[in-house]
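**Student:** Just so you know, the sequence shown maps onto residues -18 to -1, 1 to 492 in mature numbering (1 follows the signal peptide of the UniProt record, and there is no 0). Sending over a structure as structure tokens; questions will come in a sec.
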Amino acid sequence: MAALVVVGSVFAATPAMASNASGSLPAVSGATNVSAVSTDALPFAADALPTLDPAHPAAPPAPATAALPAAARQASTDQSQVSRANGSVTISGTVTVGANAPGKPVAGVIVTATQVDSNDKTIANTDVLSTGTGAFSITGLPDGLYYVSFFYDGDPAGATSMWWGATATNPFGNKAVSLTGSQTLTVTQLLQPTGTLGGRVSTGDRQTAPATSDIDLFLAVRLDSDNKYHPVLQLGWDTAGQYSAAFVLPYSDYAVFAINDANPSYEAVSSSDSFSIGANQSIRRDTIVTRLIAAVGGVSNGTNAFVNALYWDFLSRSPAQADIVFWNRQFAGGAGLGAVSTGFVTSDEYRLIRIDAAYSKILGRGPDAGGRADWLRWMQQGLITTDDIETSFYASQEYFDKQGGSNASFVQAIYTTLLHRDASSADVSFWSRLIAQNGRAWVIAQFWDSTETISERVSLMYASYLGRTPDPAGLANWVGTALQLGDSGLRSGLSGNAEYVNRAQYRFGV
């Protein structure tokens, strides 16, 4: 593979090893210092860890009655009293809806009595609707163990669901209650608006999700009593590492923790940043399981982690020890973070990765050898940037033909691909006329450089390099940067700053 070397004041790629560089970066006053940061996970309290329990999940499953629209349920006050007629147990009470007590009574809240056996396995669910006063009653239930849950989707801001007695620090609510004979369980519940958590768990390389046999993942809350995070909910994830939790109660200080079950490749405890969740708010927080890397003599842990992060983010591979030593020499000689990041963005190895990806993503095929070599040569000569290949492919005759061979089908494909929505007939007519007047390349440039598409690319790069969504000011700043310097300048900037460096040290530990 091509190695990254210094040539003059920029980095280029040659088949030679980095130590054969014919030039060096211009010196600055003093060596660049990649400072170490505290990378210990947030303080975690090793409580009895909650387990995934399909019979009693932290968020109650949507009841069958929810299939009926909320407006129709609110009118069905005659369903506020339900009798199973095969027992003498009664569950009744009052439910109100709101962020704070006492809340507001509303009709149409679905109250579910879930009967379980001694192993917490569901036997039966019985639904009832609240009246306009919030009252409900379920009679005729058989003897048994019962949970009670509440579901309401009549608020335009979003649906909410809770177990009886649930809090942010105990989302499972009250334990199952044993009811026999003619006993009556009286329940009073404030049903609060909830939020949603999403994210991705990955190892330090960000390429792969950890095996479920290696890692346990938990949502935890910080308690003032000991200033530690206590696990309240175990999270599962799919093969891509995506996890989610619905109906999460508002709280000011959550974090996601990854607990290592003894895999020597990872830290024992890793965590996301802390975050809050508000009512009807959707939050995304990724969690990185810190990957352990070998120390390199004469190289600080911070530099080691930063170089590892760049190799994985741009080249999808680990650096050799010689690579780490080389980049450490560049820092010692005065290279700045941005210059080092630019070296990766403009390397032949990264360019070829982007060329291959564009062929696959846009044209749906692998590159032909001649075309691949031509694109690389033009990039080396400065005739095009790494990012120009994508706009060129979208404007190509091959892409045009693959989308149906007409201006109308081309416009519809561009809307679907770049804007993620269908074009209206007026949109199709408008852009088809502009294609006839100015050509496809001009039209693609208008889409590519629009605030909407640039904002999406900025947001994706924030997620990729910084693991978060951009704040409004940051989004506006980097949209402007992308317009001036292109996506390559954006990638260099986001991966060549202190935030990226600090995050790299969470991703890779020595």
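Note that CB positions come from ideal geometry on N, CA and C, so glycine has one too. Values in this document were obtained by computation on a predicted structure and should not be read as measured data.
Is Thr76 helix, strand or coil when you go by DSSP?
**Tutor:** In the structure shown, Thr76 sits in a strand (DSSP, three-state: E or B).
**Student:** Fully enclosed by the stretch 87 to 139, which beta strand (DSSP E) runs are 3 residues long or longer?
**Tutor:** Counting only runs of 3 or more, we get 92 to 98, 104 to 111, 117 to 123 and 126 to 134.
**Student:** For Asp196, tell me which candidate among Ser160, Tyr444, Phe429 and Ser252 has the shortest Cα-Cα distance.
**Tutor:** Among Ser160, Tyr444, Phe429 and Ser252, the Cα nearest to that of Asp196 belongs to Ser252.
**Student:** Given Val478, which residues of its chain have a CB within under 8 Å of its CB, disregarding the five upstream and five downstream residues?
**Tutor:** The amino acid at residue 478 is misidentified as Val; the sequence shows Gly. Contacts found: Gly318, Leu319, Gly320, Ala321, Val322, Ser323 and Thr324.
**Student:** Would you say Ser411 reaches chain C, if we count a Cβ-Cβ gap shorter than 7 Å as a contact?
**Tutor:** Given the protein chain composition of this structure (a single chain), no chain C is represented.
**Student:** For Arg473 and Val327, I'd like the C-alpha separation in whole angstroms.
**Tutor:** Distance between the alpha carbons of Arg473 and Val327: 7 Å.
**Student:** Give me the Cα-Cα distance between Trp430 and Gly468, rounded to the nearest whole angstrom.
**Tutor:** Each residue's Cα considered, the two are about 10 Å apart.
**Student:** Taking only three categories from DSSP, how would you classify Gly177?
**Tutor:** Strand, per DSSP.
**Student:** What residues are listed by DSSP as bridge partners for Tyr376?
**Tutor:** DSSP, once it has assigned bridges, lists no residue as partnering Tyr376.
**Student:** Pick from Gln216, Ala276, Leu161 and Asp102: whose alpha carbon is nearest that of Tyr248?
**Tutor:** When each option's Cα is compared against that of Tyr248, the closest is Ala276.
**Student:** Report the residue ranges of all alpha helix (DSSP H) runs contained in full by the stretch 260 to 305; include only those spanning at least 4 residues, in chain order.
**Tutor:** Complete alpha helix (DSSP H) runs here, min 4: 283 to 292.
**Student:** If you measure between the beta carbons of Arg267 and Ser254, is that distance less than 7 Å?
**Tutor:** Cβ distance < 7 Å, so Arg267 and Ser254 count as in contact.
**Student:** Does the count of Cβ pairs from the stretch 170 to 187 and the stretch 80 to 91 closer than 8 Å reach three?
**Tutor:** These segments touch.
**Student:** Taking Thr194 as the reference, which of Gly223, Lys384 and Leu201 has the closest Cα?
**Tutor:** With distances taken between Cα atoms, Thr194 lies closest to Gly223.
**Student:** In this structure, how does DSSP classify Pro452 when only helix, strand and coil are distinguished?
**Tutor:** It is coil, neither helix nor strand.
**Student:** Whole angstroms are fine: how far does the CA of Gly90 sit from the CA of Asp235?
**Tutor:** Roughly 32 Å separates the two Cα atoms.
**Student:** Count Cβ pairs between the stretch 178 to 188 and the stretch 141 to 154 that sit closer than 8 Å; are there 3 or more?
**Tutor:** Result no; under three Cβ-Cβ pairs closer than 8 Å.
**Student:** Below 7 Å between beta carbons: does that hold for residue 498 and Leu127?
**Tutor:** Absent from the model: residue 498. The displayed extent of the chain is -18 to 492, so no value can be given.
**Student:** Would you call the stretch 438 to 455 and the stretch 413 to 420 in contact, with 3 or more CB pairs under 8 Å?
**Tutor:** These segments do not touch.
**Student:** Can you name, in chain order, every residue of its own chain whose Cβ lies under 6 Å from the Cβ of Pro124, other than the five neighbours on each side?
**Tutor:** If we look at Pro124 and ignore the five residues flanking it on each side, its Cβ neighbours are Asn68 and Gly69.
**Student:** On a Cα-Cα basis, can you pick out the residue from Ala240, Tyr233 and Asn290 that is closest to Ile265?
**Tutor:** Considering only alpha carbons, the answer is Tyr233.
**Student:** Classify Ile105: buried if its beta carbon has 16 or more other beta carbons within 10 angstroms, exposed otherwise.
**Tutor:** By the 10 Å Cβ count, Ile105 comes out exposed.
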